[in-house]
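Have a look at the structure below before the remarks.
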Amino acid sequence: MLVFDPNVRCSSLIKTGDYIESYLKDTVNVKRYMDSRYPEGMVSDRLCDHIVRLRLMALHLPMPSEDRKQIDRMIIVHDLPEIVVGDVTAIIKKERSLSTDDEVAVAEKMLNERDFALYSQFSQAEDYLLGNSLVASCDNAIIAKVLDSLEGSMYFHYAISKWAKAGQMQLPPGCSMEYFFGVVLDGFKCKTTIKQETGNLVNELLLSAYKYIENLWVGYEQITPDVIKKRLSMYK
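Residue 55 in the UniProt record's numbering sits at position 55 of the sequence shown, with consecutive numbering throughout.
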């Protein structure tokens, strides 16, 4: 279901043919996974790479082309404020209850009315899926946010597994390794206010991401971090 390749990198300017290109050239300078608790060298990624991988994932969704086109645009615009405010990990945002006011203000200045509306729909979907709101956003925004979280989780777990397989002993905090299982996998499962078709797709995407992460450790059970081993055993 999910088309994900952690080795995909942004090799040239992401082209949109409009004003957004002037911002996208700066995404190459935005580092992701900025958490001082992560071992140095364990995970390295850029915002531009994240966007390219997400667009590839969206391209292969079993949806009408117009829906995929809207999701693609949401993917492009949703993180652009990070050019100004920087990137922090989801777990830091959760632990510190960081306000998104700064990002929203930046987005409103950067984006035209149509794109800011898409940005807002994406943000509403994020609040809904994280349990901060009972109001669901549009279905395409839900899918866009699910893809965003899955790409981040899959790349993070890819980096952890590569790190451990190289014989490195120092690991990131357990809460970071549990985030996919506790927040994304358990929290994003089909909710009653999402129409059934969307809920089914969300569940299929979640299962596909889980299988990807599970397969990272096949044959490496002895070095699988205990917190991941425990979580994987819960879903057998």
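The beta-carbon is built from N, C-alpha and C at its ideal position, and this holds for glycine as well.
All of these numbers come straight from a predicted model, not from anything done at the bench.
Which same chain residues end up closer than 8 Å to residue i when comparing Cβ atoms and leaving out the 5 residues on each side of it in sequence?
| i | result |
| --- | --- |
| M234 | F181 |
| V52 | V8, R9, C10 and I14 |
| Y19 | N112 |
| P39 | W163, Q168, Q170, L171 and P172 |
Alpha carbon to alpha carbon, what distance is there between residue j and residue i?
| i | j | result |
| --- | --- | --- |
| R55 | A144 | 10 Å |
| E103 | M42 | 27 Å |
| Q196 | A141 | 15 Å |
| R32 | L150 | 15 Å |
| K211 | L147 | 15 Å |
| M57 | V3 | 5 Å |
| G174 | E82 | 26 Å |
| R73 | N29 | 21 Å |
| S65 | S137 | 20 Å |
| K93 | L130 | In this prediction, K93 scores a pLDDT of 49, lower than 50, which makes its location untrustworthy; no coordinate-derived value is stated. |
| L232 | W163 | 19 Å |
| R68 | D127 | 22 Å |
| Q170 | M110 | 40 Å |
| L80 | D45 | 16 Å |
| E21 | L47 | 14 Å |
| I75 | S161 | 26 Å |
Start and end of the alpha helix (DSSP H) containing residue i?
| i | result |
| --- | --- |
| M234 | D226 to M234 |
| E204 | Q196 to L216 |
| H157 | D139 to K165 |
| L127 | Reading off the sequence shown, one finds Asp at residue 127, where the question assumed Leu. Taken as a continuous stretch (DSSP letters only), the alpha helix (DSSP H) holding D127 covers E113 to L129. |
| L24 | E21 to L24 |
| C175 | G174 to Y179 |
| I75 | S65 to V77 |
| I83 | E82 to V85 |
Buried or exposed for residue i, going by 16 or more other Cβ atoms inside 10 Å?
| i | result |
| --- | --- |
| T198 | buried |
| T226 | The question names Thr, but residue 226 is Asp in the sequence shown. Exposed. |
| G167 | exposed |
| I223 | exposed |
| T27 | buried |
| S36 | exposed |
| H157 | buried |
| P172 | buried |
| L24 | buried |
| R114 | exposed |
| V183 | buried |
| V218 | exposed |
| G17 | exposed |
| H60 | exposed |
| Y220 | exposed |
| V77 | buried |
Tell me residue i's beta-bridge partners as DSSP assigns them.
| i | result |
| --- | --- |
| K31 | R46 |
What does a CB cutoff of less than 6 Å around residue i pick up in its chain, not counting 5 residues either side in sequence?
| i | result |
| --- | --- |
| R9 | D49 |
| S208 | M1 and L2 |
| I228 | M177 |
Using a Cβ-Cβ cutoff of less than 7 Å, which residues in the same chain neighbour residue i once the five nearest sequence positions on both sides are dropped?
| i | result |
| --- | --- |
| E108 | F116 |
| K84 | First, the residue type needs correcting, since residue 84 is Val and not Lys in the sequence shown. Correct list, in chain order: V106. |
| L185 | L206 and Y210 |
| E95 | Its pLDDT being 44, under 50, E95 is placed unreliably in this model, and the value from its coordinates should be taken loosely. Taken in chain order, the list of residues that qualify is empty. |
| A159 | M42 and V43 |
Would you say residue i reaches chain C, if we count a Cβ-Cβ gap shorter than 8 Å as a contact?
| i | result |
| --- | --- |
| P81 | Of the protein chains in the structure, only one exists, and it is not chain C. |
Considering only heavy atoms of the ligand COA, does any lie closer than 7 Å to the CB of residue i?
| i | result |
| --- | --- |
| I228 | The ligand COA is absent from the structure shown, which contains no ligands of any kind. |
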